[in-house]
């Protein structure tokens with residue numbers, strides 16, 4: 028296959044989007060969520076993986092957490108991978124990494140990316156559905172289950188476990 032044929036082949040392949048986030052908790056086990064100013068619902072610190080530059084999901088999660096909340100914490104283990112369908116866009120593969128338990132000092136050092144975020148807070152598990160929409164809520168709950176039972180990572184489709 029020639030270089031031109033290979034390029035044509037690659038250009039014709041299906042596309043997926045990829046995102047990565049970090050699940051940080053406080054000393055009570057509450058989840059750090061951020062309020063984007065460009066869409067409804069809250070989110071975990073994270074965002075799009077810059078795969079065109081060679082960035083990996085783990086690198087993207089760390090970069091996004093640093094950009095969004097000013098915390099440069101190496102992500103821990105992979106907790107969940109979610110295949111998320113959506114109208115008007117290619118599917119999204121969303122990775123969630125363990126960010127660990129933040130100290131009071133780390134929480135006090137949070138600095139929001141003003142261009143994208145309005146606020147942050149820590150939320151107990153039982154209140155997450157009031158902040159996180161649809162598949163993201165299921166993704167975070169599955170990640171918390173993985174942390175609690177030592178299993179994982181969880182395989183999800185649209186926020187619902189398919190590996191159980």
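Residue numbers (the working numbering): 28 to 191.
No residue lacks a Cβ here, since even glycine has one placed at the ideal position from N, Cα and C.
Can you look up residue i in the DSSP assignment and give me helix, strand or coil?
i: residue 72; result: coil
i: residue 144; result: strand
i: residue 33; result: helix
i: residue 91; result: helix
i: residue 153; result: helix
i: residue 132; result: helix
i: residue 179; result: coil
i: residue 42; result: coil
i: residue 160; result: coil
i: residue 84; result: helix
With 16 as the cutoff for other CB atoms within 10 Å, does residue i come out buried or exposed?
i: residue 109; result: buried
i: residue 37; result: exposed
i: residue 113; result: exposed
i: residue 31; result: exposed
i: residue 40; result: exposed
i: residue 100; result: buried
i: residue 186; result: buried
In angstroms, rounded to a whole number, what distance separates the CA positions of residue i and residue j?
i: residue 72; j: residue 34; result: 35 Å
i: residue 11; j: residue 64; result: The requested residue 11 does not occur in the structure, where the chain is confined to residues 28 to 191.
i: residue 103; j: residue 93; result: 15 Å
i: residue 211; j: residue 189; result: The chain is shown from 28 up to 191; residue 211 falls before or after that span and cannot be answered.
i: residue 177; j: residue 127; result: 14 Å
i: residue 68; j: residue 160; result: 6 Å
i: residue 163; j: residue 115; result: 18 Å
Ignore the nearest five residues each way along the sequence and tell me which others in residue i's own chain have a CB closer than 7 Å to its CB.
i: residue 84; result: 45, 47, 76, 122
i: residue 173; result: 106, 107, 179, 180, 181
i: residue 78; result: 45
i: residue 97; result: 136, 137, 138
Are the C-beta atoms of residue i and some chain B residue less than 8 Å apart?
i: residue 162; result: Among the chains in the structure shown there is no chain B, since it carries only a single protein chain.
Beta-carbon within less than 8 Å of residue i's beta-carbon, same chain only, minus the 5 sequence neighbours each way: which residues are those?
i: residue 149; result: 52, 53, 55, 57, 58, 59, 60, 134
i: residue 95; result: 61, 72, 73, 74, 139, 140, 143, 144
i: residue 153; result: none
Which residues in the same chain as residue i place their Cβ atom closer than 6 Å to its Cβ, once the five residues preceding and following it in sequence are excluded?
i: residue 165; result: 186, 187
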